[in-house]
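Participant: So in the working numbering, the last spot in the sequence shown is 706, and the numbers never skip. All C-beta atoms, glycine included, are put in the ideal place defined by N, C-alpha and C. Sharing a structure below in structure tokens format, with a few things to ask.
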Amino acid sequence: MIKILLVEDDLGLSNSVFDFLDDFADVMQVFDGEEGLYEAESGVYDLILLDLMLPEKMASKF
């Protein structure tokens, strides 16, 4: 199963995307840039879905 990191601060949007992808992949869901960067550096993911404007850390810092 593929592994996806979902980094999105909008809870409703994040949950909708998570619910859609959860049937097809192992999805790790985080809600801010700091946590997203930590997960991206410490885990192995096939795909990272990243919001461009995040609290704590902008996507350009990834």
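Below 8 Å, can you find three or more Cβ-Cβ pairs linking the stretch 683-690 to the stretch 654-668?
Facilitator: no
Participant: Rounded to the nearest angstrom, what separates Ile646 and Ile692 at their Cα positions?
Facilitator: Computed Cα separation, rounded: 11 Å.
Participant: Under 8 Å, do Asp653 and Asp676 count as touching if we go by C-beta distance?
Facilitator: Cβ atoms of Asp653 and Asp676: closer than 8 Å.
Participant: Please determine, among Asp666, Gly656, Pro699 and Leu655, the residue with the shortest C-alpha to C-alpha distance to Ile648.
Facilitator: Considering only alpha carbons, the answer is Asp666.
Participant: To the nearest angstrom, how far is the alpha carbon of Gln673 from that of Leu698?
Facilitator: Take the alpha-carbon of Gln673 and the one of Leu698: they are about 14 Å apart.
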